[in-house]
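Below you'll find the structure, written out as structure tokens, and then a few comments.
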Amino acid sequence: MSNELPTNIIIRERQEALISGVSDVLSFDDLQIEAETTAGRLVLQGTGLKILGLDRSTGELKVEGRVDRVFFPAQKAKRPGLWEALKK
210 MSNELPTNII IRERQEALIS GVSDVLSFDD LQIEAETTAG RLVLQGTGLK
260 ILGLDRSTGE LKVEGRVDRV FFPAQKAKRP GLWEALKK
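What the sequence shown shows, in the numbering used here, is residues 210 to 297, in sequence order.
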């Protein structure tokens with residue numbers, strides 16, 4: 210997509226986060242939020258996390274709570290399944 214917004218993360222005083230480039234929230238609870246972004250899957254961890262809003266038209270996700278860690282997990286290379294390994 211040529212109109213994809215870049216993924217930017219702004220954390221203020223470790224108490225709130227504004228993330229752009231978000232297309233979907235995959236899962237969330239008060240300790241962890243997983244979101245799909247234009248840069249890949251993003252994980253935000255902390256305590257007392259609350260989603261204040263997701264604007265799909267602008268791709269902005271607003272979160273409050275104590276932010277301890279933000280990362281993009283490495284994508285795992287697809288490994289052959291058991292059946293493929295046995296066929297060799």
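Even for Gly, the Cβ is constructed at its ideal location relative to N, Cα and C.
According to DSSP, residue i sits in a beta bridge with which residue or residues?
i      : result
Ser229 : Asn217
Gln254 : Gln241, Arg278
Leu270 : Ile228, Leu263
To the nearest angstrom, how far is it from the Cα of residue i to the Cα of residue j?
i      : j      : result
Phe237 : Ser266 : 20 Å
Gly262 : Pro282 : 23 Å
Met210 : Gly257 : Low confidence applies here, because Met210 scores a pLDDT of 42, under 50, leaving its location unreliable; read the following figure in that light. Near 34 Å, if we compare the C-alpha coordinates of Gly257 and Met210.
Gln254 : Leu214 : 23 Å
Identify the continuous beta strand (DSSP E) that holds residue i and give its terminal residues.
i      : result
Thr246 : 241-246
Compute the beta-carbon to beta-carbon distance between residue i and residue j, rounded to the nearest angstrom, for a pair I have assumed lies under 8 Å.
i      : j      : result
Ile242 : Val234 : 7 Å
Taking its Cβ as the centre, do 16 or more other Cβ atoms sit within 10 Å of residue i, making it buried, or is it exposed?
i      : result
Ala248 : exposed
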